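Colleague: Numbering (full-length UniProt numbering), first residue to last: 1 to 373.
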Amino acid sequence: MLSQRRWKIGFSVILWLSVFLFWGRFYPSHLSYQEQLQLFLFDTDYLIEHLIIPGGLAEYISEFLVQFYYHRWIGAAILATLFVVLQLLVWLLAQKHKAADVYYLLSFLPIISMWYFMTDENAMLAFAVSILFALGTMYLHVSLNSQWRRVLSVVLFAPLLYWFAGAAHFLFIGWAIICEAKLLYQNNKKLAIGGSIAALILMGLACPLISGLWLQYPIFRLMGGINFYRFPSYIPLTVFIVEALFLFFPFLISSLSPPKKNVHFAIILQSLILIMSGYVLLSSGADMNKEEAMEYDWLVRNKEWQKIIEKAEAKSPTSPFGVTCLNLALGKTGQLGDRMFQFYQNGTEGLLPHFQRDFISPLPTSEVFIIWE
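Next comes the structure, spelled out in structure tokens:
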């Protein structure tokens with residue numbers, strides 16, 4: 001028993017270190033990018049502004065955490081800790097349905113999908129915090145023994161969860177539907193299954209529909225999440241895929257029969273699946289060109305002129321963002337006239353890039369106007 005506990009802890013530690021090194025070493029500028037696009041205020045009005053909308057509490061907590069991204073290694077540690085807590089909750093939910101310990105590593109797969117989603121610079125940390133709220137509520141629900149307590153928990157927690165975590169409450173509704181349908185089927189109450197499912201679906205839909213009577217948000221955002229993605233007119237399909245994985249994987253893990261032999265082979269196979277899926281998803285999700293542009297912008301904001309020049313000497317920038325930052329660094333160190341054309345200039349955009357309607361390209365350009373004195 002002790003050895004099983006140790007190897008499970010060991011794999012969770014490996015997950016923490018992997019997430020920490022990824023965000024702290026290979027993808028740190030996306031953290032500083034998130035931090036500079038918000039201003040967290042420690043006053044009552046700012047808190048109330050969040051609490052009056054669905055998912056506002058999760059957004060408030062996430063913004064409190066994002067402000068620590070200013071120190072990028074701290075931001076990496078925050079994300080690593082959050083991901084491990086999510087993984088442990090997935091496993092605890094699977095254990096409530098008698099999952100075999102040998103399938104512990106499968107609880108990492110929903111986390112990898114969340115990891116992939118968070119590589120998008122427009123993905124908001126509020127989504128991960130909302131999922132955390134939902135998983136915690138799901139665990140509380142399944143821990144209740146009597147049916148009337150579980151019914152009461154759905155009636156009480158569904159509206160509260162919607163208001164605190166936004167559309168992530170659909171995870172809790174889906175969890176309650178599957179759990180109650182499973183219990184009713186086992187107790188030969190098949191006729192009650194349809195009514196229970198209909199009642200739970202109506203309760204889940206009622207929360208965003210009722211809130212839409214006085215909130216000025218499109219219904220698709222109330223249904224899909226107000227604060228899960230930066231652009232208000234679009235919710236990516238990845239959001240719903242990640243939610244589905246967090247909902248169904250505890251049941252999938254618990255449905256697998258433990259192998260009678262070759263336990264080590266099962267663990268090795270799961271490890272290979274995790275490594276391959278993680279590599280494929282992260283290599284496709286991580287945009288290193290944007291990371292390079294954000295790195296240059298971070299160096300400019302911190303006035304690290306010499307580091308910008310050293311970075312360009314190691315690899316000459318080709319994007320207008322990087323060239324603009326390099327020329328600014330050369331100008332601030334008095335080297336612009338002598339060394340400007342030692343580097344690729346990308347035409348006139350190397351001085352001032354053309355404006356684009358996104359959240360990335362205007363940053364280096366604005367730094368030129370703000371910092372140049």
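Cβ atoms here follow ideal geometry from the backbone N, Cα and C, with glycine treated the same way.
Bear in mind that the values here come from a model prediction, so they are computed numbers and not experimental data.
Taking contact to mean 3 or more Cβ pairs, one atom from each stretch, closer than 8 Å, check whether the stretch 79 to 94 and the stretch 33 to 45 are in contact.
Modeller: no
Colleague: Quick check on this structure: which residue in Gln95, Tyr27, Gln345 and His30 has the alpha carbon closest to the alpha carbon of Leu256?
Modeller: Gln95
Colleague: What do you reckon, are the CB atoms on Val151 and Pro250 nearer than 8 Å?
Modeller: no
Colleague: What's the gap between the Cα of Phe127 and the Cα of Ile14?
Modeller: 23 Å
Colleague: Does Ser283 come within less than 8 Å of chain B when only Cβ atoms are used?
Modeller: Reference to chain B is not applicable here, since this structure consists of a single protein chain.
Colleague: Would Tyr69 and Ser32 qualify as a contact pair, given that the criterion is a beta-carbon distance under 8 Å?
Modeller: If you check the CB distance, Tyr69 and Ser32 come in under 8 Å.
Colleague: Residues bridged to Ala123 by DSSP?
Modeller: Tyr229
Colleague: For the stretch 102 to 116 against the stretch 213 to 229, are there 3 or more C-beta pairs whose distance is under 8 Å?
Modeller: no
Colleague: Should Leu213 go down as buried or exposed, given a rule of 16 or more other Cβ atoms within 10 Å for buried?
Modeller: exposed
Colleague: Let me know if Met288 comes out buried or exposed under the rule of 16 or more other beta-carbons within 10 Å of its beta-carbon.
Modeller: Exposed, by the Cβ-count rule.
Colleague: Report the start-end ranges of each beta strand (DSSP E) in the stretch 179 to 247 that is 3 residues or longer and not cut off at the edges.
Modeller: Segments of the beta strand (DSSP E) lying fully in the stretch 179 to 247: there are none.
Colleague: In its own chain, which residues sit with a C-beta less than 6 Å from the C-beta of Leu57, not counting the 5 before and 5 after it?
Modeller: Phe164
Colleague: Return the chain-ordered ranges of every alpha helix (DSSP H) run that is complete within the stretch 16 to 68 and spans a minimum of 4 residues.
Modeller: 29 to 36, 44 to 51 and 56 to 66
Colleague: I need the straight-line Cα distance from His264 to Trp175, nearest angstrom please.
Modeller: 31 Å
Colleague: Out of Tyr234, Pro208, Met138 and Pro232, which has the shortest C-alpha to C-alpha gap to Leu222?
Modeller: Considering only alpha carbons, the answer is Pro208.
Colleague: Looking only at its chain, what residues have a beta carbon closer than 7 Å to the beta carbon of Phe133, apart from the 5 residues adjacent to it on each side?
Modeller: Closer than 7 Å at the Cβ level, and outside the excluded window around Phe133, lie Ala58, Leu161, Phe164, Ala165 and Ala168.
Colleague: For the alpha helix (DSSP H) containing His97, list its first residue and its last residue.
Modeller: From DSSP, His97 is part of no alpha helix (DSSP H); its letter is neither H nor E.
Colleague: Would you report the Cα separation of Ser107 and His97, rounded to the nearest angstrom?
Modeller: Going by the C-alpha atoms only, they are around 13 Å apart.
Colleague: Check this for me: beta carbons of Leu200 and Ile241, under 8 Å apart or not?
Modeller: The answer is no: Cβ separation not under 8 Å.
Colleague: On the criterion of 16 or more Cβ atoms from any shown chain inside 10 Å, does Val155 qualify as buried, or is it exposed?
Modeller: Under this definition Val155 is an exposed residue.
Colleague: Hey, out of Phe11, Leu21, Tyr27 and Ile9, whose CA is closest to Gly285's CA?
Modeller: Tyr27
Colleague: Closest to Leu140 by C-alpha separation, out of Val129, Ser153, Glu292 and Gln147, would be which residue?
Modeller: Ser153
Colleague: Are at least three pairs of beta-carbons, each pair with one atom in the stretch 224 to 231 and one in the stretch 44 to 55, less than 8 Å apart?
Modeller: Yes, since at least three Cβ pairs between the stretch 224 to 231 and the stretch 44 to 55 fall closer than 8 Å, the two stretches touch.
Colleague: Mark Lys79 as exposed unless 16 or more other C-beta atoms lie within 10 angstroms of its C-beta, in which case mark it buried.
Modeller: Per the sequence shown, the amino acid found at residue 79 is Leu instead of Lys. Buried, because 16 or more other Cβ atoms sit within 10 Å of the Cβ of Leu79.
Colleague: Quick check on the DSSP output: the alpha helix (DSSP H) that includes Thr324 runs from which residue to which?
Modeller: Pro320 to Lys332
Colleague: Given this structure, state the Cα-to-Cα distance separating Lys189 from Val19, to the nearest angstrom.
Modeller: 45 Å
Colleague: Quick check on DSSP: helix, strand or coil for Asn262?
Modeller: coil
Colleague: Using the three-state DSSP reduction, which class does Ile14 fall into: helix, strand or coil?
Modeller: helix
Colleague: Hey, Leu135 and Leu93 are a contact pair by Cβ (cut 8 Å); roughly how many whole angstroms apart?
Modeller: 7 Å
Colleague: Taking just the CA atoms, how far does Val323 sit from Phe341?
Modeller: 11 Å
Colleague: Output the distance between the C-alpha atoms of Ile131 and Asn327, rounded to the nearest integer angstrom.
Modeller: 43 Å
Colleague: Could you tell me if Leu294 is buried or exposed, where buried requires 16 or more neighbouring beta carbons within 10 angstroms of its beta carbon?
Modeller: The sequence shown places Met at residue 294, not Leu. Its Cβ being crowded by 16 or more others within 10 Å, Met294 is buried.
Colleague: Where does Asn145 sit, in a helix, a strand or coil, going by DSSP?
Modeller: coil
Colleague: Using the C-alpha atoms, what's the distance from Glu63 back to Tyr46?
Modeller: 11 Å
Colleague: Take Ile178 as the anchor and find which of Val142, Pro159 and Phe157 has the nearest alpha-carbon.
Modeller: Val142
Colleague: Taking C-beta to C-beta, are Ala99 and Ser277 nearer than 8 Å?
Modeller: no
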